[in-house]
Each structure stands twice: as structure tokens, then as C-alpha cells.
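**Q** Count along the sequence shown from 1, add 41, and you get the number used in this note's numbering.
Don't be surprised by glycine CBs; every beta carbon is placed ideally from N, CA and C.
Dropping the structure in here first, questions after.
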Amino acid sequence: MRIAILISGRGSNMLRLADFIAAQALPVEIALVASNKPCDGIDKADQRGLSTAVFERKAYGDKASQEQALGDAIAAANVDYILLAGYMAILGADFVDRFANKTINIHPSLLPDFKGLDTHERALSAGVTHHGVSIHLVTAALDDGPILTQAALPIARDDTSDSLAGRVLTLEHALYPFVLAALSHGDLAIDGDTVHWRDGPEFLAQMPDGMAQKLLSTIIWPT
Ligand code: GRF
Numbered sequence: 042m043r044i045a046i047l048i049s050g051r052g053s054n055m056l057r058l059a060d061f062i063a064a065q066a067l068p069v070e071i072a073l074v075a076s077n078k079p080c081d082g083i084d085k086a087d088q089r090g091l092s093t094a095v096f097e098r099k100a101y102g103d104k105a106s107q108e109q110a111l112g113d114a115i116a117a118a119n120v121d122y123i124l125l126a127g128y129m130a131i132l133g134a135d136f137v138d139r140f141a142n143k144t145i146n147i148h149p150s151l152l153p154d155f156k157g158l159d160t161h162e163r164a165l166s167a168g169v170t171h172h173g174v175s176i177h178l179v180t181a182a183l184d185d186g187p188i189l190t191q192a193a194l195p196i197a198r199d200d201t202s203d204s205l206a207g208r209v210l211t212l213e214h215a216l217y218p219f220v221l222a223a224l225s226h227g228d229l230a231i232d233g234d235t236v237h238w239r240d241g242p243e244f245l246a247q248m249p250d251g252m253a254q255k256l257l258s259t260i261i262w263p264t
């Protein structure tokens, strides 16, 4: 399986995916790490010898041309899936249609709650008891496509947005590799815009790396 990962910043999810692929010898090749600006994540991907590219809007004049160039690079890399991992721009309908049902996003909230930015602050202000992570297919509407899976954690009374962000990020670092492993082993299939899990909890119990223990109590399967 070949994937592209799109980032815009520190790239911790991208690095976690790269580490997990190597540690577990997943049958997955990261064919391209692309960004819409120079960033730490691109530097770190370069240092690991991954193929990288930066597509800055100002170099292309407008969003449509920038996304066309990004899409052309992804098409040339011949990938099965595109994983958004902190790509901080809303992809236009042309890009989304071109890679329909192949583009996956990780979002730091329990969708449909708290789409968009500042999810940790908004969860705290709303007084919800649980927060978490969602992994979903990308559609033209922001943070809105079919859910692949979610994982939840309880909000503590003394949580700040920073403490919450840290715990959610730890969960992201478990959940995204889990989804990638499931896809690459055929335990998760995406058929059009429909998501199929083969043996949800049984597969999870076989996950290495202490991941099963971490995830079992938190994961929410799509209904
Ligand atoms: C993550 O919280 C991700 O869910 C969100 O942006 C952040 C990216 O972090 N979309 P990193 O660049 O992977 O460290």
C-alpha cells in the first residue's frame, strides 16, 4: 500500500506513522510527505530520507492552482490513500473529488462536536465530560465525512487546554497507526464512502506495542 501524508507543522502524527510502519514492518510505503508551507515536519521527513514536497499558495497564485499541483504530485506518487495529519488548509472540492474516498483526516475532537480549530478550548468551555479523536473520510464539508473510528477520553476537573491537548495527541499517536495497520492488513476496508471493519475488537486485541490496552477502553466503532 502506498500513502501520501499531508502536513503543515510539527508533523508528530506523520513521524509516529513512519515509526510504526518501520517497527511493525507494515506493508506500507510513504511515497510522499507534502506540505503547504516549509515546516518542522518537512525537515524531519527529509532527515529520514522520505520524499517531500512543499506547495506554497504564493508560488501558484491561487488556491485552485496550488491544489492542482499538489494533486498532480500525489497522482504521480501513485498512492492508495492520502492521510491528512495536521494539514492546516481546507481542501477545495476539486481536490476532494479527485481523491474521493481515498483521503483520510485525523481531527482532535469527537466529531460531530467541535469541527474546525481550537477544539480543546471549546470542549472545556462547553463543559463536556469526554473529548477525543476522530478519523474520517474527507468530503467537501469541513471535518464531516464518514467516520472510520474514534477514541474518547474523560476530561479531568483540572484539565487545561494544554493538558487536554497533550492527552489527545497521545491518543492520536495510537489511533492513526492503528487505522493504517488495519487498512494495510485488510481489517478495515473503504468501499466507496462506506467503511467496513472485519473483526473490530478481535483485531484490536492483536495490536502490538501496548496499543491494544491503550485503545480498548477508548475506541468507538462506527455504527
Ligand atoms: C493534530 O492534533 C491533528 O489532529 C490536527 O493537527 C494536529 C497536528 O499535529 N489536525 P502534528 O503536526 O501531527 O504534530
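Sorted by chain position, which residues of the same chain lie with C-beta nearer than 7 Å to T25's C-beta, five sequence neighbours on each side aside?
**A** The structure shown does not extend to residue 25, since the chain spans only 42 to 264, so no value can be given for it.
**Q** Using CA coordinates, which residue listed in H237, L132, D87, T160 is at the minimum distance from V74?
**A** Nearest of H237, L132, D87, T160 to V74, Cα basis: D87.
**Q** Let me make sure I understand the geometry here. Which of A193, P68, A141 has the alpha-carbon closest to that of G112?
**A** Checked all of A193, P68, A141; the closest Cα to G112 is A141.
**Q** Counting beta carbon pairs with one atom in the stretch 104-122 and one in the stretch 161-172, are three or more of them shorter than 8 Å?
**A** Flag = no, the stretch 161-172 and the stretch 104-122 do not touch.
**Q** Tell me the residue span of the beta strand (DSSP E) that contains V120.
**A** That residue, V120, is in no beta strand (DSSP E); it is neither H nor E in DSSP.
**Q** Compare the beta carbon distance of Y122 and A110 with 8 Å and say whether it is the shorter of the two.
**A** No, the pair does not count as a contact, with Cβ atoms beyond the cut-off.
**Q** Would you mind giving the Cβ-Cβ distance between V220 and V174, rounded to the nearest angstrom? I have them listed as a contact below 8 Å.
**A** No, V220 and V174 are not in contact; Cβ-Cβ is about 10 Å, not under 8 Å.
**Q** So D232 is in the beta strand (DSSP E); what residue range does that whole segment cover?
**A** Run containing D232: 229-232, per the beta strand (DSSP E) assignment.
**Q** DSSP three-state label for P195, please.
**A** Residue state, collapsed to three classes: strand.
**Q** Should N119 be labelled buried (16 or more other beta-carbon atoms within 10 Å of its own) or exposed?
**A** It is exposed - the Cβ of N119 has fewer than 16 other Cβ atoms within 10 Å.
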